[in-house]
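Oh and the sequence shown: position 11 is 123 in the working numbering, straight run, nothing missing.
All C-beta atoms, glycine included, are put in the ideal place defined by N, C-alpha and C.
As the structure is a computational prediction, the values presented were derived from the model and not from experiment.
Report on the structure given below.
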Amino acid sequence: MKQTIEAKEQKLKRIFSDDYLFEIPAYQRPYAWTTEQTSELLDDLMACGQSAGDRTRTDRTG
113 MKQTIEAKEQ KLKRIFSDDY LFEIPAYQRP YAWTTEQTSE LLDDLMACGQ SAGDRTRTDR
173 TG
């Protein structure tokens, strides 16, 4: 059965709410984040949150 993926805009706080469940498949290779990668992600999330009122800013995930 072919599975399709649909992209749509979502607010970041909704993605991290209880509306979504994220699972890592058992066959997924292990991945370890470095301190630098983790810091970069958190900085990006903070910047996104601080500019939440800026309707001209668009961020893409995925």
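Reduced DSSP secondary structure (H/G/I, E/B, other) of ASP131 = coil
What residue from LEU124, GLN115, PHE134 has the CA that sits closest to MET158's CA?
-> LEU124
Measuring alpha carbon to alpha carbon, tell me which of TYR139, PRO137, GLN122, GLN162 ends up nearest ASP131.
-> GLN122
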